[in-house]
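Taking the working numbering, the leading residue of the sequence shown gets 68, the next gets one more, and so forth.
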Amino acid sequence: GVAGGLQALQIDEANDTMYGIAHTDSAFVSYDISNTASLSTRADVTDNTNLDELEELRIDLTNNYAFLMTKLGKLSSFDISDPDNPVRKDTLFDSDFDTNSAYRSIALDIGRKLIFCVSRSNGRKLAIVSYDDVENLTKVTTHTFTSGNNGGGIVLFN
């Protein structure tokens with residue numbers, strides 16, 4: 068497995084599953100965590116085209132989706148209803164998703180099925196993407212900030 072290079076861990080308690088991404092391996096992985104003394108790999112999805120240089124992971128357990136963002140500005144959606152077999156549904160690449168390590172933080176608005184993607188300070192952009200149709204990710208709008216420290220993380224409160 069790629070456990071040594073995992074980042075952006077997310078837990079699905081109902082299914083005893085831990086999800087993570089491996090930046091250098093271009094991989095989205097899931098582990099069975101029912102026995103914490105002995106973790107086992109459930110799935111290892113490697114994709115050098117759509118998951119190259121992964122940086123962020125968020126999961127929507129209400130709808131069984133995972134969203135992965137690469138440093139190269141690619142946003143992918145996965146169906147995770149079967150933790151042993153995550154299935155990529157779409158990958159969105161948009162001109163606002165710069166290819167210069169642009170996005171470093173994503174957050175989900177699960178109620179409205181929106182993904183908020185914040186760029187690094189050099190791009191100063193916030194892109195909002197709809198996942199109402201997870202097989203057709205659609206950019207809703209982009210906001211460009213003119214000043215301030217807007218390249219960090221964002222948190223949504225419901």
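Built from N, CA and C at the ideal position, the CB exists for glycine as well.
As the structure is a computational prediction, the values presented were derived from the model and not from experiment.
query, result
"Would you kindly report the start and end of the unbroken beta strand (DSSP E) that includes V196?", "K192 to S197"
"In angstroms with no decimal places, state the Cα-to-Cα distance between Y98 and D161.", "31 Å"
"Using 8 Å as the threshold, is the region 134-142 in touch with the region 104-115, meaning 3 or more CB pairs across them?", "no"
"If you compare alpha carbons, which of I173, K192, N130 and T208 is closest to I147?", "N130"
"Please report the distance separating the alpha-carbon of R155 from that of L193.", "24 Å"
"In three-state terms, what does DSSP make of A75?", "strand"
"According to DSSP, is A104 part of a helix, a strand, or is it coil?", "coil"
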